[in-house]
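**Student:** Residue numbers (this note's numbering), protein chains in the order written: chain A, 1 to 339; chain B, 340 to 678.
Number of protein chains: 2
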Amino acid sequence: MAERVSDIGELGLIHRIGSLLERDGCRSPQVSIGIGDDAASFLPRAGCELLITCDSMVENRHFLPAFIESFDRGRRAMTSNISDIGAMGGTPLYGLVSLGLPADALVLDIEALYRGFLHELNPFHASIVGGNLTRSGDGMFIDITLVGEVAQGKAVRRSGARPGDAVLVTGFPGRAAAGLQLLLQAARDGRSAGHPLVDAYKTPSHRARAGIALAATGYATAMTDTSDGFPGDLGHLCEASGVGAEIVRERIPCDGAIRAAAAALGRDPYAFILGESDDYELIITCDPRRVQSLQSVSSACAVPLTEVGKITAEQGMHVVLPDGRKVPLGAAGFDHFRP
Amino acid sequence: MAERVSDIGELGLIHRIGSLLERDGCRSPQVSIGIGDDAASFLPRAGCELLITCDSMVENRHFLPAFIESFDRGRRAMTSNISDIGAMGGTPLYGLVSLGLPADALVLDIEALYRGFLHELNPFHASIVGGNLTRSGDGMFIDITLVGEVAQGKAVRRSGARPGDAVLVTGFPGRAAAGLQLLLQAARDGRSAGHPLVDAYKTPSHRARAGIALAATGYATAMTDTSDGFPGDLGHLCEASGVGAEIVRERIPCDGAIRAAAAALGRDPYAFILGESDDYELIITCDPRRVQSLQSVSSACAVPLTEVGKITAEQGMHVVLPDGRKVPLGAAGFDHFRP
Chain A
1 MAERVSDIGE
11 LGLIHRIGSL
21 LERDGCRSPQ
31 VSIGIGDDAA
41 SFLPRAGCEL
51 LITCDSMVEN
61 RHFLPAFIES
71 FDRGRRAMTS
81 NISDIGAMGG
91 TPLYGLVSLG
101 LPADALVLDI
111 EALYRGFLHE
121 LNPFHASIVG
131 GNLTRSGDGM
141 FIDITLVGEV
151 AQGKAVRRSG
161 ARPGDAVLVT
171 GFPGRAAAGL
181 QLLLQAARDG
191 RSAGHPLVDA
201 YKTPSHRARA
211 GIALAATGYA
221 TAMTDTSDGF
231 PGDLGHLCEA
241 SGVGAEIVRE
251 RIPCDGAIRA
261 AAAALGRDPY
271 AFILGESDDY
281 ELIITCDPRR
291 VQSLQSVSSA
301 CAVPLTEVGK
311 ITAEQGMHVV
321 LPDGRKVPLG
331 AAGFDHFRP
Chain B
340 MAERVSDIGE
350 LGLIHRIGSL
360 LERDGCRSPQ
370 VSIGIGDDAA
380 SFLPRAGCEL
390 LITCDSMVEN
400 RHFLPAFIES
410 FDRGRRAMTS
420 NISDIGAMGG
430 TPLYGLVSLG
440 LPADALVLDI
450 EALYRGFLHE
460 LNPFHASIVG
470 GNLTRSGDGM
480 FIDITLVGEV
490 AQGKAVRRSG
500 ARPGDAVLVT
510 GFPGRAAAGL
520 QLLLQAARDG
530 RSAGHPLVDA
540 YKTPSHRARA
550 GIALAATGYA
560 TAMTDTSDGF
570 PGDLGHLCEA
580 SGVGAEIVRE
590 RIPCDGAIRA
600 AAAALGRDPY
610 AFILGESDDY
620 ELIITCDPRR
630 VQSLQSVSSA
640 CAVPLTEVGK
650 ITAEQGMHVV
660 LPDGRKVPLG
670 AAGFDHFRP
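1) Would you give the residue range spanned by the beta strand (DSSP E) that Glu653 of chain B belongs to?
2) Grab the span of the beta strand (DSSP E) containing Leu438 of chain B for me, first residue to last.
3) If you check the beta carbons only, do Ala112 of chain A and Gly74 of chain A fall under 8 angstroms apart?
4) Which residue marks the beginning of the beta strand (DSSP E) containing Thr484 of chain B, and which one marks its end?
5) Within 8 angstroms of any Cβ in chain A, is that where the Cβ of Asp674 of chain B sits?
6) Is the shortest distance between the beta-carbon of Ala554 of chain B and the beta-carbons of chain A less than 8 angstroms?
7) Is DSSP giving Ile407 of chain B helix, strand or coil here?
8) Out of curiosity, what's the CA-to-CA distance linking Glu589 of chain B and Leu521 of chain B?
9) Leaving out the 5 sequence neighbours to the left and right, which residues in its chain are closer than 6 angstroms to Ala601 of chain B when beta-carbon positions are compared?
10) Using a Cβ cut-off of 8 angstroms, which residues of the stretch 430-454 of chain B contact any Cβ in chain A, in chain order?
11) Could you tell me the distance, in whole angstroms, from the CA atom of Arg157 of chain A to the CA atom of Met88 of chain A?
12) Taking 8 angstroms as the threshold (beta carbon to beta carbon), is Asp38 of chain A in contact with chain B?
13) Report the rounded CA-to-CA distance for Leu197 of chain A versus Cys254 of chain A, giving the unit in angstroms.
14) With three or more C-beta pairs closer than 8 angstroms as the rule, is the stretch 50-64 of chain A touching the stretch 501-520 of chain B?
15) I'd like to check one pair, Gly90 of chain A with Ala385 of chain B: are the Cβ atoms closer than 8 angstroms?
16) From the DSSP secondary-structure annotation, give me the bridge partner or partners of Asp225 of chain A.
17) Please report whether the beta-carbon of Pro678 of chain B lies at a distance below 8 angstroms from any beta-carbon of chain A.
18) Could you tell me whether the Cβ atoms of Leu507 of chain B and Leu613 of chain B are closer together than 8 angstroms?
19) Would you tell me roughly how many angstroms separate the C-alpha atoms of Thr203 of chain A and Ile374 of chain B, rounded to the nearest one?
20) Taking a Cβ distance cut-off of 9 angstroms, strictly less, list which residues of the stretch 47-67 of chain A are near chain B, in chain order.
21) Any chance you could list the alpha helix (DSSP H) runs of at least 4 consecutive residues sitting entirely within the stretch 25-62 of chain A, in chain order?
22) I'd like to know if Val486 of chain B contacts chain A, where contact means its C-beta is closer than 8 angstroms to some C-beta of that chain.
23) Going along the chain, which residues of the stretch 123-145 of chain A sit with their C-beta nearer than 8 angstroms to a C-beta in chain B?
24) Can you list the residues of chain A that Thr563 of chain B reaches, using a CB-CB cut of under 9 angstroms?
25) Apart from the five residues just before and just after Val587 of chain B, which ones in its own chain have a Cβ nearer than 6 angstroms to its Cβ?
26) Compare the beta carbon distance of Leu108 of chain A and Ala260 of chain A with 8 angstroms and say whether it is the shorter of the two.
27) Give a yes or no on whether the minimum CB-CB distance between Phe272 of chain A and chain B is below 8 angstroms.
28) Counting only beta-carbon separations shorter than 8 angstroms, does Ser616 of chain B have a partner in chain A?
29) When the distance is taken between beta carbons, is Ile144 of chain A closer than 8 angstroms to Asn60 of chain A?
30) Any heavy atom of the ligand SAH inside 7 angstroms of the beta-carbon of Thr53 of chain A?
31) Which residues of the stretch 496-525 of chain B have a Cβ closer than 7 angstroms to any Cβ of chain A? Give them in chain order.
32) Name the DSSP bridge partner or partners of Thr418 of chain B?
33) Going by alpha carbons, who is nearest to Leu403 of chain B out of B:Thr556, B:Leu523 and B:His545?
34) Taking Met88 of chain A as the query, report the chain B residues whose CB atoms sit under 8 angstroms from its CB, ordered along the chain.
35) Whole alpha helix (DSSP H) runs in the stretch 167-251 of chain A with 4 or more residues, listed along the chain?
36) Measuring alpha carbon to alpha carbon, tell me which residue in B:Gly583, B:Gly571, B:Ser466 and B:Gly550 is nearest Arg366 of chain B.
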C-alpha cells in the first residue's frame with residue numbers, strides 16, 4: 001500500500017524531505033545553518049541588497065489536483081516566486097517551504113512536489129534552507145518564501161515608469177489562459193490534453209534570467225511580472241508610478257497557438273491575451289531610445305521582447321484598436337475575494 | 340453591517356493593511372522597497388549573519404477561533420516566529436505574512452490580526468515588509484516568515500550540546516498546557532476563563548530578549564525554544580547533538596499556578612510540565628562552570644533560568660524521580676500527522 005503522511009508522522013516526513021534535499025538539492029557555502037534548527041542562517045554577500053517575496057498556492061483555488069500532478073505543482077509554485085525575484089532583477093538564493101497537508105497525503109506526492117521545487121531552483125544553484133509542515137483542514141496549501149540578491153541600487157521597482165516611456169512585454173501573454181481553457185474543454189470531452197499551451201498553464205516559464213540581464217543594463221525604468229495577467233499587472237505598475245498607458249492591440253504578440261486555440265474554442269484570442277492568465281512574463285518600461293538595447297539583451301537570453309505601447313501622463317489604461325478607436329482597458333487582474 | 344473581505348476585495352484589503360502598517364508599524368532605514376512591489380528589498384548590515392524562519396498557524400488546528408480572538412491570534416503567530424529567531428540568539432528584523440482567508444472574513448478581524456503582529460514586532464523596531472493574501476478553503480491559515488540578524492558566528496545551534504553540560508530552562512514550562520485545560524474546562528462549564536495560565540496559552544511570551552543576551556555571552560553550547568513542549572524540544576536538541584539528557588524532576592520549576600490548576604483539574608502537574616505545551620521557553624546547555632554567569636545575564640532580562648539536569652553521552656532522555664528512580668522520558672513532542 002502506498003505510504004501516507006499519517007504512516008510516517010511529521011518527523012518521518014521531515015527526515016524524508018531532508019534526505020531528498022541532501023541528495024538532489026544544491027548547497028551554498030554562504031549557508032551556515034540549514035534545515036533542522038530553530039532558524040536557518042546565511043551570510044549575505046557584500047555589495048548586494050537582499051530581496052524577499054512569498055506566494056501561496058491553495059488546492060482547488062490555484063491548482064486543480066486532478067489536472068496538475070505533484071511534480072508540476074511544485075514547479076509552478078516555485079516558478080511564481082522565482083518570477084517575483086527576477087522581476088526585480090534579482091537572482092534566487094534560498095527558499096523556505098511551508099506546507100499544509102491533509103493527513104492522508106501520499107508521501108510519494110510530497111517527494112514529487114519537492115523534486116518540482118528543486119527542478120526550478122537548481123539551475124540557479126539556489127537551495128531550500130527551511131520550512132514548516134502542518135496539517136491543513138481540507139486540501140493542501142503551499143506557501144513559499146524566496147530570498148534573492150541584486151547588486152546594491154540595481155533593483156527595478158514598479159514605480160519608476162514616466163510619461164513617454166515605451167511599454168514592452170516578454171514572450172506571449174495569454175498562453176496559460178488559453179491552455180487552461182483547452183484543459184477544461186478536454187476534461188469535459190473526456191480527452192487527455194497534451195498541448196504546448198496546456199504545458200504553458202501547468203508549468204509556466206519564469207523570465208528571471210531575462211529580468212536579471214535587463215535590470216543590469218540600468219535602462220529599465222519599471223518592471224513587474226504578469227502573474228495577475230497583462231492588464232492587471234500593467235495596472236499595478238501604472239498605479240505605483242502614478243501614470244497611465246496606451247497599448248496598441250495589434251502590437252501585442254499573439255502566437256499561432258493562441259489563435260488556433262481561440263478558433264477551436266470559439267473565443268476571441270484577445271480574451272486570453274488581455275485577460276487573467278498565469279504566464280509570468282515581464283512588463284518593462286524604458287526611455288524609447290533604449291528599446292533596441294533592451295531587446296538585444298533579452299534576445300541574448302532567447303526571450304522575445306516586444307514594444308506594445310507607451311506610458312501616458314493621463315492616468316487610466318487604453319487599448320488602440322485596428323480601426324483607430326481607443327477603448328478603456330480594465331485592470332481586471334485576478335481578485336481572490338470578489339464574488 | 341460589518342464589512343467583509345468579499346466587500347472590499349483583495350486590493351481593498353491590501354490598501355487597508357498598508358495604511359494600518361504605515362500608521363502603526365515601524366520603518367527601517369535599511370528597507371529600500373517594502374510592500375507593493377514584486378519583492379521587498381533590504382540592505383543587510385555588515386558583520387551580521389541573517390536568520391530566517393517560518394511558522395504556520397491553521398484554524399481549528401493551532402487555534403480555536405471561539406477561544407482566541409484576532410488580536411491575540413496575531414500576537415501568538417508572531418511570537419512563535421520571534422521565539423525561533425531569539426532561540427538562535429538573533430534579533431527580529433522583517434516579517435512577511437501570508438494569509439489564507441475565507442471570503443466572509445471580517446475586515447475588522449484582519450486589522451486586529453495585524454495589530455497583534457505589530458504589538459509583538461514594534462518593541463524590536465521590526466517591520467512587516469511583504470506578504471500574500473489568498474482565499475482559503477475552510478478556515479484561516481497564517482504563515483509568517485521572519486528574518487533576523489545575529490553577529491557573525493554568534494548564532495547558537497541545537498547541535499552543540501556536549502556530555503557533562505548543564506541543562507537549563509527559562510521560566511515555567513507547562514503553563515500554556517495547564518491554561519488550555521482550564522480554558523476547555525471553563526468552556527464545558529459555560530464559564531469564561533480569565534486566569535493568568537489561560538493568558539499564557541492565548542498570548543504566550545517569547546524569551547527572545549534573554550536568548551539574544553545569552554547567545555552574546557558565547558557560553559551557551561546549544562539553545563532551542565520549547566514550541567514542541569519541553570521533552571519534545573529537549574529531544575530535538577539531544578538528537579541534533581548526538582547526546583542524551585538526565586533531568587531531575589524536582590528541579591524543574593513548577594509554579595504555584597500550575598500546582599493549583601493541576602489540583603483543580605485532578606491532574607498531575609508534571610503532565611503539563613513534561614508534556615506538550617505551547618510555552619516558547621528556552622532550553623540552554625552550557626559548561627557547568629558557566630551556569631551562574633548565564634543565570635545572571637538572564638536575571639538581568641527578568642527571566643528566571645533554572646538548572647534542571649545534565650547532558651549524558653548515553654543517548655535517550657531520563658527523568659530522576661524524588662525516590663531516586665530513573666525513568667525514560669519520551670520525546671513526545673507534538674506530531675501534526677500521527678492519529
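Using N, Cα and C, we set each Cβ at its ideal position, and we do this for glycine too. What you are looking at is a predicted structure, and each value in this text was computed from that prediction instead of being measured.
**Tutor:** For this structure:
1) Within the second sequence, numbered from 1, the residue matching residue 653 of chain B stands at position 314. From DSSP, Glu653 of chain B is part of no beta strand (DSSP E); its letter is neither H nor E.
2) As a working mapping, residue 438 of chain B is identified with position 99 in the second sequence. Element bounds for Leu438 of chain B: Thr430 to Leu440.
3) The residue you call residue 112 of chain A lines up with position 112 of the first sequence. The residue you call residue 74 of chain A lines up with position 74 of the first sequence. Here Ala112 of chain A is near Gly74 of chain A, since their CB atoms are less than 8 angstroms apart.
4) Translated into positions along the second sequence, residue 484 of chain B becomes position 145. Where Thr484 of chain B is concerned, the enclosing beta strand (DSSP E) stretches over Phe480 to Ala490.
5) Residue 674 of chain B sits at position 335 when you count from the first residue of the second sequence. Summary for Asp674 of chain B: the model assigns pLDDT 48, below 50, so the residue's position carries little reliability; its value from the coordinates is reported in the next sentence. Output row for Asp674 of chain B: interface = yes.
6) Working through the second sequence from its first residue, we reach residue 554 of chain B at position 215. With 8 angstroms as the cut-off, Ala554 of chain B does not count as an interface residue toward chain A.
7) Taking the second sequence and counting its residues from 1, one reaches residue 407 of chain B at position 68. It is coil, neither helix nor strand.
8) Along the second sequence, read from residue 1 onward, the residue named residue 589 of chain B stands at position 250. Along the second sequence, read from residue 1 onward, the residue named residue 521 of chain B stands at position 182. The alpha-carbon atoms of Glu589 of chain B and Leu521 of chain B are separated by roughly 24 angstroms.
9) Residue 601 of chain B sits at position 262 when you count from the first residue of the second sequence. Counting only Cβ-Cβ distances below 6 angstroms, and skipping sequence neighbours, we find Pro608.
10) Tyr433, Leu435, Ser437, Gly439, Leu440 and Ala442
11) Position 157 of the first sequence, counting from 1, holds the residue named residue 157 of chain A. Position 88 of the first sequence, counting from 1, holds the residue named residue 88 of chain A. Straight-line Cα distance between these residues: approximately 6 angstroms.
12) In the first sequence, residue 38 of chain A corresponds to position 38, counting from 1. Yes, Asp38 of chain A lies at the interface with chain B (some Cβ there is under 8 angstroms from its Cβ).
13) In the first sequence, residue 197 of chain A corresponds to position 197, counting from 1. In the first sequence, residue 254 of chain A corresponds to position 254, counting from 1. Answer to the nearest angstrom: the Cα atoms are 13 angstroms apart.
14) no
15) Numbered from its first residue, the second sequence carries residue 385 of chain B at position 46. Numbered from its first residue, the first sequence carries residue 90 of chain A at position 90. Result no, Cβ atoms of Ala385 of chain B and Gly90 of chain A do not sit closer than 8 angstroms.
16) Sequence index remark: in the first sequence, residue 225 of chain A carries index 225 (1-based). Per DSSP, A:Leu282.
17) The sequence position of residue 678 of chain B within the second sequence is 339, counting from 1. For Pro678 of chain B, the predicted model reports a pLDDT of 44, less than 50, meaning its position is unreliable; a value from the coordinates is still stated below. Closer than 8 angstroms to some Cβ of chain A, the Cβ of Pro678 of chain B qualifies, so yes.
18) Position 168 of the second sequence, counted from the first residue, corresponds to residue 507 of chain B. Position 274 of the second sequence, counted from the first residue, corresponds to residue 613 of chain B. No, the Cβ-Cβ distance between Leu507 of chain B and Leu613 of chain B is not below 8 angstroms.
19) Here residue 203 of chain A corresponds to residue number 203 of the first sequence, with the count starting at 1. Here residue 374 of chain B corresponds to residue number 35 of the second sequence, with the count starting at 1. Rounded to whole angstroms, Thr203 of chain A to Ile374 of chain B spans 27 angstroms at the Cα level.
20) Cys48, Glu49, Leu50, Leu51, Ile52, Thr53, Cys54, Asp55, Ser56, Met57, Val58, Glu59, Asn60, Arg61 and His62
21) Secondary structure remark: continuous alpha helix (DSSP H) runs of at least 4 residues inside the stretch 25-62 of chain A: none found.
22) To locate residue 486 of chain B, count along the second sequence from 1; it is residue 147. Yes, Val486 of chain B counts as interfacial toward chain A.
23) Val129, Gly130, Gly131, Asn132, Leu133, Thr134, Arg135, Ser136, Gly137, Asp138, Gly139, Phe141, Asp143 and Thr145
24) The sequence position of residue 563 of chain B within the second sequence is 224, counting from 1. Simply Asp37 and Asp38.
25) Your numbering for residue 587 of chain B matches position 248 in the second sequence. Gly648 and Val659.
26) Here residue 108 of chain A corresponds to residue number 108 of the first sequence, with the count starting at 1. Here residue 260 of chain A corresponds to residue number 260 of the first sequence, with the count starting at 1. No, they are not a contact pair.
27) Taking the first residue of the first sequence as position 1, residue 272 of chain A is located at position 272. Not one chain B Cβ lies under 8 angstroms of Phe272 of chain A.
28) The residue labelled residue 616 of chain B in the question sits at position 277 within the second sequence. Output row for Ser616 of chain B: interface = no.
29) Here residue 60 of chain A refers to the residue found at position 60 of the first sequence. Here residue 144 of chain A refers to the residue found at position 144 of the first sequence. No, Cβ-Cβ distance for Asn60 of chain A and Ile144 of chain A is not below 8 angstroms.
30) This structure lacks the ligand SAH, and indeed carries no ligand of any kind.
31) Arg496 and Arg497
32) Taking the second sequence and counting its residues from 1, the one referred to as residue 418 of chain B is at position 79. Bridge partners of Thr418 of chain B: none, in fact.
33) For the purposes of this step, residue 403 of chain B is taken as the residue at position 64 of the second sequence. With distances taken between Cα atoms, Leu403 of chain B lies closest to B:Leu523.
34) Mapped onto the first sequence, residue 88 of chain A falls at position 88. Here the neighbours are Ile372, Asp376, Asp377, Ala378 and Ser380.
35) Runs found: 175-188, 196-202, 208-217 and 230-241.
36) By one-based count along the second sequence, residue 366 of chain B stands at place 27. Nearest option by C-alpha distance: B:Ser466.
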